[in-house]
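According to my numbering, the stretch in the sequence shown is residues 1324 to 1524, in order. For every residue, glycine included, the Cβ atom is placed at its ideal position computed from N, Cα and C. Here the structure is a predicted model, which is why all the values come from computation and not from measurement.
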Amino acid sequence: HNTDSIMECMLPYHDTTLFARLLQITKISLPRWEFLKEAQKNNASLARTTLVQRCLLDFSFFEFVCDLAKSSVAISNIPDQNRLAVNFFAVIAVQVLASMPKSKTDDIVRRVLPYCLHGLKSRKAPEYQVAANLCIMTILDQIGLSRQVVESILNVISSLPDTPHLATLTDKLKRAIGENPSTELLNKLNTQADSADAPEM
């Protein structure tokens, strides 16, 4: 059996009795999933905190959670079909970012940022955009980001049409840059804001 593929389908249901039942008939052979053996033995579901702690202990597992949402959106742009995976990613990732110890900050942020940028660019998956938005906001609140990274994120946002749902993030990123964003970036953001404020014809 392909355990990873099975877990992609199961993990978003981690706190349900359905997950516990499916876990009973799943062969756990990969080291990544050995932490599930206790729940399997006890016919139990998994608390969210257990998954968050696992992400903090095993970065490959955290990347698996991030990949789950990305893969779901790639397969289908229909919100109802990928909502569960995206919401699962958002909840777990935000809690990981909010509770990460200083010693692991750089590693965790370096892993999650590419998924955040991909999420922001996913115009046909607004829930994935919102999830990315929440993750970046959490990073800014917890540790901040370098000017170069902030400008990269703002450049992504400035290239997107119709992003009122990202207005709070945009303002927060502008404040993170300080008083002197690059002229090119400032022009892009102003153009975007003008377009958003323009009356419909």
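* To do: For the alpha helix (DSSP H) holding G1442, just list the boundary residues, first then last.
  => For the purposes of this step, residue 1442 is identified with residue 119 of the sequence shown, where counting begins at 1. Note, G1442: alpha helix (DSSP H), T1428 to K1444.
* Considering Y1451, what are the terminal residues of the alpha helix (DSSP H) in which it resides? -> As a first step, residue 1451 must be located in the sequence shown, where it is residue number 128. Unbroken alpha helix (DSSP H) run through Y1451: P1449 to Q1465.
* Indicate the three-state DSSP secondary structure (helix, strand or coil) for T1486 in the structure shown. => In the sequence shown, counting from the first residue as 1, residue 1486 sits at position 163. It is coil, neither helix nor strand.
* **Cα-Cα separation between N1513 and A1413, rounded to whole angstroms** => Within the sequence shown, numbered from 1, the residue matching residue 1513 stands at position 190. Within the sequence shown, numbered from 1, the residue matching residue 1413 stands at position 90. Confidence is the limiting factor: at N1513 the pLDDT is only 48, short of 50, which leaves the residue's position unreliable and the question unanswerable from this model.
* Determine the DSSP secondary structure at P1504, reduced to helix, strand or coil. => What you label residue 1504 is simply residue 181 of the sequence shown in a count that begins at 1. With a pLDDT of 49 at P1504, under the threshold of 50, the modelled position of that residue is not reliable, and the figure given next carries that caveat. Coil at P1504, not helix or strand.
* To do: Compute the Euclidean distance between the alpha carbons of V1375 and D1430, then round it to the nearest angstrom.
  => Against the sequence shown, residue 1375 aligns to sequence position 52. Against the sequence shown, residue 1430 aligns to sequence position 107. V1375 and D1430: Cα-Cα distance of roughly 15 angstroms.
* Asked: DSSP state of L1379, grouped into three classes?
  -> Here residue 1379 refers to the residue found at position 56 of the sequence shown. Reduced to three states, the DSSP call for L1379 is helix.
* To do: Give every residue of the same chain whose Cβ lies closer than 8 angstroms to the Cβ of L1369, excluding the five residues on either side of it in the sequence, and list them in chain order.
  => Along the sequence shown, one-based indexing puts residue 1369 at 46. Correct list, in chain order: H1337, D1338, F1342, L1359 and A1362.
* Asked: How would you call S1445, buried or exposed, if buried means at least 16 neighbouring beta carbons within 10 angstroms?
  -> Here residue 1445 refers to the residue found at position 122 when the sequence shown is read from its first residue. Under this definition S1445 is a buried residue.
* To do: Kindly list the residues whose CB is nearer than 8 angstroms to the CB of T1340, restricted to its own chain and excluding five residues on each side of it in sequence; keep chain order.
  => The sequence position of residue 1340 within the sequence shown is 17, counting from 1. Around T1340: S1368.
* To do: Using three-state DSSP, classify K1350 as helix, strand or coil.
  => Locating residue 1350 in the sequence shown gives position 27, where the first residue counts as 1. K1350: coil per DSSP, three-state reduction.
* Asked: Less than 7 angstroms separating the beta-carbons of G1467 and A1455?
  -> Here residue 1467 refers to the residue found at position 144 of the sequence shown. Here residue 1455 refers to the residue found at position 132 of the sequence shown. Against a cut-off of 7 angstroms, the Cβ pair of A1455 and G1467 comes out as no contact.
* **C-alpha gap between Q1465 and I1459, whole angstroms** => Position 142 of the sequence shown, counted from the start, is the residue given in the question as residue 1465. Position 136 of the sequence shown, counted from the start, is the residue given in the question as residue 1459. Whole-angstrom Cα-Cα distance: 10 angstroms.
* **Nearest to S1352 (by Cα), restricted to the options D1327, V1396, L1391 and S1482** => Taking the sequence shown and counting its residues from 1, one reaches residue 1352 at position 29. That would be D1327, whose Cα lies nearest to the Cα of S1352.
* Would you give the residue range spanned by the alpha helix (DSSP H) that L1468 belongs to? => For the purposes of this step, residue 1468 is taken as the residue at position 145 of the sequence shown. Segment: none, L1468 is in no alpha helix (DSSP H) and carries neither H nor E.
* With burial defined as no fewer than 16 other Cβ atoms inside 10 Å of the residue's Cβ, what is the status of E1523: buried or exposed? -> As a first step, residue 1523 must be located in the sequence shown, where it is residue number 200. Since pLDDT at E1523 reaches only 37, below the 50 mark, its modelled position is unreliable, and the value read off the structure follows with that caveat. Exposed: under 16 other Cβ atoms inside 10 Å.
* What's the call for E1450, buried or exposed, on a 16-neighbour Cβ count within 10 Å? -> Counted from its first residue, the sequence shown places residue 1450 at position 127. Classification of E1450: buried, given that the 10 Å Cβ count is 16 or more.
* Alpha carbon of S1422 to alpha carbon of T1461, nearest angstrom -> Walking along the sequence shown from the start, residue 1422 turns up at place 99. Walking along the sequence shown from the start, residue 1461 turns up at place 138. Rounded to the nearest angstrom, the two C-alpha atoms are 10 angstroms apart.
* Would a C-beta distance cut-off of 7 angstroms place T1491 and I1480 closer than the cut-off? -> Residue mapping note: residue 1491 aligns to position 168 of the sequence shown, counting from 1. Residue mapping note: residue 1480 aligns to position 157 of the sequence shown, counting from 1. No, these two residues do not count as a Cβ contact at 7 angstroms.
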